[in-house]
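Asks: Here UniProt numbering is used: position 178 in the sequence shown is 178, and no number is missing along the way.
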Amino acid sequence: METENTDKVKKKKKKKTKRGNGEGTIYEYKNGYAAQITVGRNDEGKLIRKTVYGKTREIVKDKLLQLQIQNHQAALVKSSTDTMETAINAFLQKKKLSVSAGTWHKYEINARVHVISYFKDDKINEVTKPDVQKFIGIKAQTLAPATVKILHLILQQVFNDAIDNDLIVKNPADRIELPTIEMRELDPLTEAEMTKILEVCFGTRLYPVVLTEYGTGLRRSEILALKWEDFDFANKTVSIKRSYVRVKSKATIQNKTKSKSSKAVIAVPDFVIDYLQNLERTSEYVFAQKDKKPLNPNNFRRDFKIKVDKLYNSGELSVENLRFHDLRHNYASQLVALNVHQRLIQAQMRHADPRTTSRYQHTTLEGQQGVANTLNTAITAVIPGCSTVAVNDKKNEA
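#1: Within its chain, find whatever has a CB closer than 8 Å to the CB of Val238; leave out the 5 residues flanking it on each side and keep chain order.
#2: Using 10 angstroms around the beta-carbon of Leu276, count the other beta-carbons present and answer buried if the total reaches 16, otherwise exposed.
#3: Using the beta-carbon count (16 or more within 10 Å), is Tyr244 buried or exposed?
#4: Okay, do the segment 128 to 138 and the segment 78 to 97 touch, 3+ Cβ pairs below 8 Å being the bar?
#5: Are the CB atoms of Arg205 and Asp303 nearer to each other than 9 Å?
#6: In angstroms, rounded to a whole number, what distance separates the CA positions of Leu374 and Leu338?
#7: In whole angstroms, what separates the C-alpha of Asp121 from that of Val113?
#8: Could you check how far apart the C-beta atoms of Phe271 and Ile383 are, in whole angstroms? I think they sit under 8 Å.
#9: By the 10 Å Cβ neighbour count, where 16 or more other Cβ atoms means buried, how is Gly32 classified, buried or exposed?
#10: Sort Glu44, Asn89, Phe287, Leu295 by Cα distance to Pro208 and report the nearest one.
#11: Report the start-end ranges of each alpha helix (DSSP H) in the segment 278 to 322 that is 4 residues or longer and not cut off at the edges.
#12: Nearest to Met84 by CA position, among Thr25, Asn42, Asn330, Ser117, is which residue?
#13: Going by beta carbon distance, what residues of the same chain come within less than 8 Å of Glu108, once the five residues before and after it are set aside?
#14: Measure the beta-carbon distance from Arg350 to Pro297 and round it to whole angstroms, keeping in mind my assumption that it falls under 8 Å.
#15: Check whether the segment 332 to 347 and the segment 300 to 318 touch, using three or more Cβ-Cβ pairs below 8 Å as the test.
#16: Using CA coordinates, which residue listed in Lys30, Glu44, Tyr29, Thr25 is at the minimum distance from Ile37?
#17: Starting from Lys50, trace the beta strand (DSSP E) both ways and give me its first and last residue.
#18: Which stretch, first to last residue, makes up the alpha helix (DSSP H) that contains Val268?
#19: Around the C-beta of Leu97, are 16 or more other C-beta atoms found within 10 angstroms, so that it is buried, or is it exposed?
#20: Would Leu155 be called buried (16 or more neighbouring beta carbons within 10 Å of its own) or exposed?
#21: Going by Cα to Cα distance, which pick from Asn160, Trp228, Asn235, Glu316 is closest to Asn191?
#22: Measuring straight from C-alpha to C-alpha, what distance separates Lys241 and Ala381?
#23: When DSSP labels each residue in this structure, what does Ile383 get in the three-state scheme?
#24: Kindly identify the DSSP beta-bridge partner or partners of Pro57.
#25: Just list the alpha helix (DSSP H) runs in the segment 82 to 152, keeping only unbroken ones of 4 residues or longer that don't cross its boundaries, in chain order.
#26: Looking only at its chain, what residues have a beta carbon closer than 8 Å to the beta carbon of Asn376, apart from the 5 residues adjacent to it on each side?
#27: Output the distance between the C-alpha atoms of Leu365 and Ala332, rounded to the nearest integer angstrom.
#28: In whole angstroms, what is the alpha-carbon distance linking Pro130 and Thr56?
#29: Can you list, in chain order, the residues of its chain whose CB lies under 7 Å from that of Thr363, leaving out five sequence neighbours each side?
#30: Which residues mark the beginning and the end of the alpha helix (DSSP H) in which Ile168 is found?
#31: From which residue to which residue does the beta strand (DSSP E) around Val238 run?
#32: On the DSSP bridge assignment, give the partners of Gly32 in chain order.
#33: Cα separation between Leu186 and Val336?
#34: Specify the secondary structure class of Asp187 as computed by DSSP and reduced to three states.
#35: In angstroms with no decimal places, state the Cα-to-Cα distance between Pro172 and Val210.
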């Protein structure tokens, strides 16, 4: 009797363990193998299955693993509750560690005013490519193309971080149509125009800055942050070490430049060296206010605009709304006109991307040396009053 019961137990088939959703099954199929995985249910409650095929079991096993990973990621994405505001704020905190205060402030303002205010409570895993394209289209109607490009860059980086954190699978900001940024076409200033700019600035605190810009092509934030210690008058060079920018309505000196390539030592022509050596040193900063602080960027921009607008309105300047930054472009264009080699121009301008330098290049140039000496000869001719530099400017206006 006991033996008979034992035999029945032996004959009883072992019950199969039911596979859970997403585990998959590999089986032989025609000329190879196949695997099927359940990825969920549709709106009607029916199971959704995906199938992969391969010639060998190992190939199908690998494909099945990829499907399982994708299914797992999709499940994480579906369960995510992070909003766009949360994700953008996390991105800003991360970005703060890798960029200058001025750059971060630009990110923060644009993200808060435009991106967060638009998406805000939307879940990050529910934002689609059409949503992003619609946002870009709306902003392009009222904002400059360059600003729209910044907004798109913010979204791209926010979604990339979300992918890294398994919040989404694809970046909905990829391959978005952006408005074209029209590069400002600026013909090089004539000698007469350069002279007029110096004349209208003479006797003011603008004059030393403009004259130095003619010979160096520095960015406004860099030239206003220059200290006397940055100049090596014996070797006729200047070291670019810092920048002067406004962060949250406050002018701030940063020991950072625009990019890694921006921090460099560049050659300075004789007319700048001679002029600056004869300036009265009232502060550690070369271009200082009465309180010994560097010239305020906003005040400087306003004063420069007043002077050049006056020239334009009188017909003595052909460029409307000339910016101080346009003098930097003019500097590069002059070097091109003087047949200075593109690589030397790139080094002097400190462009990280050679394509930026090539914007000023219209002909094939032969390599030359002595950028500063070549420029010195050209600029000396435009300084008002004489063919050599008037070096004594100690009576500049406060």
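Note that the Cβ used here is the ideal one computed from N, Cα and C, for glycine as well.
Replies: According to the data block:
#1: For Val238, the CB contacts under 8 Å within the same chain, skipping 5 residues up- and downstream, are Thr216, Leu226, Asp230, Phe231, Asp232, Val265, Ile266, Val268 in chain order.
#2: Flag for Leu276 reads buried.
#3: Buried, since its Cβ has 16 or more Cβ neighbours within 10 Å.
#4: No: the two stretches stay apart, fewer than three of their Cβ pairs being nearer than 8 Å.
#5: Against a cut-off of 9 Å, the Cβ pair of Asp303 and Arg205 comes out as a contact.
#6: Note that residue 374 corresponds to Thr in the displayed sequence, not to Leu. If I take the Cα positions, the gap works out to 7 Å.
#7: Distance between the alpha carbons of Asp121 and Val113: 15 Å.
#8: So it is a contact: roughly 7 Å between Cβ atoms.
#9: Under this definition Gly32 is an exposed residue.
#10: Selected option, being the one with the closest Cα: Phe287.
#11: The qualifying runs are 297 to 313.
#12: Measuring C-alpha to C-alpha distances from Met84 to each of Thr25, Asn42, Asn330, Ser117 identifies Ser117 as the nearest.
#13: The answer, listed in chain order, is Leu92.
#14: Rounded, the Cβ-Cβ distance is 20 Å, inconsistent with contact.
#15: By the Cβ criterion, the segment 332 to 347 is not in contact with the segment 300 to 318, since fewer than three pairs of Cβ atoms, one from each stretch, lie closer than 8 Å.
#16: Nearest to Ile37 by C-alpha distance, out of Lys30, Glu44, Tyr29, Thr25, is Thr25.
#17: Here the beta strand (DSSP E) through Lys50 covers 47 to 54.
#18: That residue, Val268, is in no alpha helix (DSSP H); it is neither H nor E in DSSP.
#19: So Leu97 ends up on the exposed side.
#20: Buried is the call here.
#21: Looking at the sequence itself, residue 191 is Glu, so the reference to Asn does not match. Cα-wise, what sits closest to Glu191 is Glu316.
#22: Put simply, the backbone Cα of Lys241 is about 30 Å away from that of Ala381.
#23: For Ile383, the three-state secondary structure derived from DSSP is coil.
#24: The sequence as given places Arg at residue 57; Pro does not occur at that position. According to DSSP, residue pairing for Arg57 in a beta bridge does not occur.
#25: List check, alpha helix (DSSP H) in window: 84 to 95, 101 to 110, 129 to 140.
#26: Apart from sequence neighbours up to five positions away, the residues of its chain that approach Asn376 with a beta-carbon distance below 8 Å are Gly215, Pro269, Asp270, Phe271, ordered along the chain.
#27: Its pLDDT being 30, under 50, Leu365 is placed unreliably by the model, and the measurement read from it follows with that caveat. If I take the Cα positions, the gap works out to 14 Å.
#28: One C-alpha to the other measures close to 40 Å.
#29: For Thr363, the predicted structure reports a pLDDT of 35, less than 50, and the residue's modelled location is therefore unreliable. A value from the coordinates is still provided. If we look at Thr363 and ignore the five residues flanking it on each side, it has no Cβ neighbours.
#30: Taken as a continuous stretch (DSSP letters only), Ile168 belongs to no alpha helix (DSSP H), as it is neither H nor E.
#31: Element bounds for Val238: 237 to 239.
#32: Answer is Tyr29, bridged to Gly32.
#33: Computed Cα separation, rounded: 14 Å.
#34: Asp187: coil per DSSP, three-state reduction.
#35: Here the C-alpha atom of Pro172 lies approximately 46 Å from the C-alpha atom of Val210.
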